[in-house]
Amino acid sequence: MRNAQQLIAVDAAALAEVLARLDRIEAKIAPPPKWLTVHEAASRLGCTASTIRRKIAAGEIEARGSGRARMVRLG
Numbered sequence: 001m002r003n004a005q006q007l008i009a010v011d012a013a014a015l016a017e018v019l020a021r022l023d024r025i026e027a028k029i030a031p032p033p034k035w036l037t038v039h040e041a042a043s044r045l046g047c048t049a050s051t052i053r054r055k056i057a058a059g060e061i062e063a064r065g066s067g068r069a070r071m072v073r074l075g
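Note that full-length UniProt numbering numbers the sequence shown so that position 38 is 38, with each residue one more than the last.
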């Protein structure tokens, strides 16, 4: 039995929309990075970088590094 190929005509705009939707779905299900900068963590949690630094000092958020290189782990 031979493999049969079938051609299907698809509207280019419709295909582009489907591909864009798939990209958005993939972005939503991708796991978050394990370590984030202080500013990335603040953005994700909807607070300020100062709040993140206070939570680090209080031991509520795990962090490593210092200054601009400080990274925090959420979750």
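C-beta atoms are modelled at their ideal positions from N, C-alpha and C, and glycine is treated no differently.
Note that this is a predicted model, so its numbers are computed, not measured.
task = Starting from G37, follow the beta strand (DSSP E) in both directions and report where the run begins and ends.
result = By 1-based counting over the sequence shown, the position of residue 37 is 37. Gly is not the amino acid found at residue 37; the sequence shown has Thr there. Unbroken beta strand (DSSP E) run through T37: W35 to T37.
message = Quick check on DSSP: helix, strand or coil for A42?
response = Taking the first residue of the sequence shown as 1, we reach residue 42 at position 42. Correct three-state label for A42: helix.
message = Using 8 Å as the threshold, is the C-beta distance between V38 and R70 below it?
response = As a first step, residue 38 is located in the sequence shown; it is residue number 38 there, counting from the start. As a first step, residue 70 is located in the sequence shown; it is residue number 70 there, counting from the start. In terms of Cβ geometry, V38 and R70 form a close pair [threshold 8 Å].
task = Name the two residues that bound the continuous beta strand (DSSP E) containing R73.
result = Your numbering for residue 73 matches position 73 in the sequence shown. Residues M71 to R73.
inquiry  = If you follow the alpha helix (DSSP H) that residue 129 is in, where does it begin and where does it stop?
reply    = Here the chain covers residues 1 to 75 and nothing more, so residue 129 does not appear.
message = Can you find the residues in the same chain that come closer than 7 Å, C-beta to C-beta, to K34, ignoring five residues on each side of it along the sequence?
response = In the sequence shown, residue 34 corresponds to position 34, counting from 1. Beyond the five residues adjoining it in sequence on each side, K34 comes within less than 7 Å, by CB distance, of R73 in the same chain, given in chain order.
query = What number of angstroms, rounded off, separates the C-alpha of T16 from the C-alpha of A63?
reply = Taking the sequence shown and counting its residues from 1, the one referred to as residue 16 is at position 16. Taking the sequence shown and counting its residues from 1, the one referred to as residue 63 is at position 63. With the sequence shown as reference, residue 16 is identified as Ala, and Thr is not the correct amino acid for it. A16 and A63: Cα-Cα distance of roughly 41 Å.
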